[in-house]
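Peer 1: In the numbering used here, the protein residues as written are 1 to 556.
1. Can we say the region 188-208 touches the region 304-313, given the rule of at least three CB pairs closer than 8 Å?
2. Mapping the DSSP letters down to three states, classify residue 48 as helix, strand or coil.
3. Hey, residue 461 and residue 425 are a contact pair by Cβ (cut 8 Å); roughly how many whole angstroms apart?
4. Measuring CA to CA, which of 133, 177 and 118 is closest to residue 263?
5. Where does residue 125 fall in DSSP's three states?
6. Would you tell me roughly how many angstroms separate the C-alpha atoms of residue 469 and residue 494, rounded to the nearest one?
7. Does residue 161 pass the burial test, meaning 16 or more other C-beta atoms within 10 Å, or should it be called exposed?
8. Give me the Cα-Cα distance between residue 322 and residue 299, rounded to the nearest whole angstrom.
9. Considering just the uninterrupted stretch of the alpha helix (DSSP H) at residue 239, what are its terminal residues?
10. Output needed for residue 456: all residues of its chain with C-beta closer than 6 Å, excluding positions within five of it in sequence on either side, in chain order.
11. Beta-carbon within less than 7 Å of residue 218's beta-carbon, same chain only, minus the 5 sequence neighbours each way: which residues are those?
12. Please work out which residues of its chain come closer than 6 Å, Cβ to Cβ, to residue 44, disregarding the five sequence neighbours upstream and downstream, and give them in chain order.
13. Would you tell me roughly how many angstroms separate the C-alpha atoms of residue 303 and residue 384, rounded to the nearest one?
14. Drop a sphere of 10 angstroms on the beta-carbon of residue 154, count the other beta-carbons inside from all chains shown, and report buried for 16 or more, exposed for fewer.
15. Looking at residue 281 and residue 58, is the spacing between their C-beta atoms short of 9 Å?
16. Under 8 Å by Cβ, that's how I've got residue 491 and residue 458 pegged, so tell me the actual separation to the nearest angstrom.
17. Which residues mark the beginning and the end of the alpha helix (DSSP H) in which residue 308 is found?
18. Counting only the same chain and skipping the five closest in sequence on each side, list residues whose C-beta sits under 7 Å from that of residue 222.
19. State the DSSP-derived secondary structure class of residue 68, mapped to helix, strand or coil.
20. How would you write the range of the alpha helix (DSSP H) that residue 557 sits in, first residue to last?
21. Between which residues of its own chain and residue 340 is the CB-CB distance below 6 Å, once the five residues before and five after are set aside?
22. Give the DSSP-derived three-state secondary structure of residue 499 in the structure shown.
23. Alpha carbon to alpha carbon, what distance is there between residue 144 and residue 325?
24. Just to confirm, are residue 379 and residue 406 a CB contact at a threshold of 9 Å?
25. So, do the region 130-149 and the region 107-114 have three or more beta carbon pairs nearer to each other than 8 Å?
26. To the nearest angstrom, how far is it from the Cα of residue 438 to the Cα of residue 146?
27. If you draw a straight line from the C-alpha of residue 174 to the C-alpha of residue 206, how long is it?
28. Considering only the beta carbon of each residue, do residue 259 and residue 169 sit closer than 9 Å?
29. Would you mind giving the Cβ-Cβ distance between residue 400 and residue 435, rounded to the nearest angstrom? I have them listed as a contact below 8 Å.
30. The alpha helix (DSSP H) that contains residue 399, what's its start and end?
31. Near residue 140, which residues of its chain fall below 7 Å by C-beta distance, leaving aside the five closest residues on each side in sequence?
32. Between which two residues does the alpha helix (DSSP H) harbouring residue 392 extend?
33. With a threshold of 16 other CB atoms inside 10 Å of the CB of residue 547, please say whether the residue is buried or exposed.
34. What residue range is occupied by the uninterrupted alpha helix (DSSP H) comprising residue 427?
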């Protein structure tokens, strides 16, 4: 029996040496002052990365501990080991957990804290020295980093964050403005751990190349905080709101010291890694805010009954629409926020390419799930109406002022990748848009808010794609092509609310026809009719200046 030739083992089973181009780099000595590991790490380090490298890189598990308000659920200090006996809240903890209003506000508060940390990093303050007095107070960046440009964009960024933070408070306190003490677990003391302490030494730090001093930057932040909380009975808890007797529980909810020590990228070999991680930590925080706003909107939807109440039902629908529109504003803010990455140098952007792709839009699990969820906000079906929903939209007499007919309509409006073929559904949507009574106008506000939110998601990914092209190029190889194509597929998603778009288009055609029927000169001739008198007056004035002989006519 003839033996088959033995196959050589694959090359990867042998202990092959490091390829030649990387060999000198792996043996390169680090900077003597920092003693950091090589920028790309060893092969063992790359193989032991967390399965979700993006979440591990931006310290997302540590951020989730603060956003979950662990300090209000258990007396166990952070950081903690995820053991069953540790995860069980102690007897002294509040069994019902933190209130929902504070739960929705905490990620926005932590985003503000991280933005202040980013500002201090731009001023080259060594963040480790805030909690460790033996560390040097400053930490120099590369000479080509444009600090002033970054500080300008960050100040605008923080102003938008504070405005959105105030909007969250307004949405949750509109119905019960007198119960803010219980809603937010207010305290009488301000924060002692936050970076927002006006007299702290880090705001007196001098930066040689920045045009504005840290103290000036702090004063502008303080003015913005005070302006957003001027008419509220409580303060944010930072920047010394001495006129307020109550403050938000900033230290308990945000845990600033924990964020500085454990939720920061300070072990990388490149200084810009900290900037990249901080930008995406803030993105994750506002994605968490949107998640909780959508959860609250869904709770409001489930609270709707099959009976229309003239006082309660429109108020709930307006609050649902306001939450959806707020989420759209967050996406618009994030469009401006991610453009901060264009200020990075390509060498810095490529330094951590072994761990991450070129952009974060496809790596954030929360962001991807949020995008999928937004594309399915309609149909809108309250829990009490679930049993009455039919598989196919019923062809019956439709009354836009009847609440039950509106619920049947909302239960069948959905996104699709093809135009709506149910003419009855489109026609009934036209009636809702054309009717300005209480019930249909409130429903129309929700539908418009959902479409606005879906449009904002597309604009975010469109801007994110071109930001990646500007920094990385638009190549189709490697992670560059993966990033660009993924972002392009997102904003080019063919699924839309075609039924709503068709209803608006057809209603616009009907309104144009009615307008033309009433006044035929108005359609396309509005300016001509308004300018007719002016033209006649001009012709008369022109004739007055002409020679009389030119007006004479010869009679044959």
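From the three backbone atoms N, C-alpha and C, an ideal C-beta is built for every residue, glycine too.
Peer 2: Considering the structure as presented:
1. No, the region 188-208 is not in contact with the region 304-313.
2. In this predicted model, residue 48 has a pLDDT of only 36, less than 50, meaning its place in the structure is not dependable; the value taken from the coordinates is given anyway. Three-state DSSP puts residue 48 in coil, outside helix and strand.
3. Actually they are not in contact, since the Cβ atoms of residue 461 and residue 425 sit about 29 Å apart, beyond 8 Å.
4. With respect to the C-alpha of residue 263, the residue from 133, 177 and 118 having the closest C-alpha is 118.
5. Strand.
6. Distance between the alpha carbons of residue 469 and residue 494 is about 22 Å.
7. Its Cβ being crowded by 16 or more others within 10 Å, residue 161 is buried.
8. About 14 Å.
9. It is not in any alpha helix (DSSP H) - residue 239 carries neither H nor E in the DSSP assignment.
10. For residue 456, where only same-chain residues beyond five positions count, the Cβ hits under 6 Å are 328, 331 and 332.
11. Cβ contact annotation for residue 218 (same chain, cutoff 7 Å, sequence separation greater than five): 198 and 203, in chain order.
12. Bear in mind that the predicted position of residue 44 carries a pLDDT of just 38, short of 50, making it unreliable; the figure below should be weighed with that in mind. No residues qualify anywhere along the chain.
13. Computed Cα separation, rounded: 8 Å.
14. A residue is called buried once 16 or more other Cβ atoms fall within 10 Å of its Cβ, and residue 154 is buried on that count.
15. In this structure, residue 58 lies near residue 281, with their beta-carbon atoms less than 9 Å apart.
16. With a Cβ gap of about 4 Å, residue 491 and residue 458 count as contacting.
17. Segment: none, residue 308 is in no alpha helix (DSSP H) and carries neither H nor E.
18. Apart from sequence neighbours up to five positions away, the residues of its chain that approach residue 222 with a beta-carbon distance below 7 Å are 198 and 239, ordered along the chain.
19. If DSSP states are grouped into helix, strand and coil, residue 68 belongs with coil.
20. Nothing about residue 557 can be reported from this structure: the residues present for the chain run from 1 to 556 only.
21. Residues of the same chain with a CB within less than 6 Å of the CB of residue 340, apart from the 5 flanking positions on each side, are 153 and 279 in chain order.
22. Three-state result, residue 499: helix.
23. Rounded to the nearest angstrom, the two C-alpha atoms are 39 Å apart.
24. No, they are not a contact pair.
25. No, because fewer than three Cβ pairs between the region 130-149 and the region 107-114 fall closer than 8 Å, the two stretches do not touch.
26. Straight-line measurement puts the Cα of residue 146 at about 53 Å from the Cα of residue 438.
27. Going by the C-alpha atoms only, they are around 43 Å apart.
28. In this structure, residue 169 does not lie closer than 9 Å to residue 259 by Cβ.
29. Confirmed, Cβ separation roughly 4 Å.
30. Secondary structure note for residue 399: it is in no alpha helix (DSSP H), with a DSSP letter that is neither H nor E.
31. Correct list, in chain order: 124.
32. First-last for residue 392: undefined, no H or E at that position.
33. When all chains shown are included, residue 547 counts as exposed.
34. That run of the alpha helix (DSSP H) goes 423-434.
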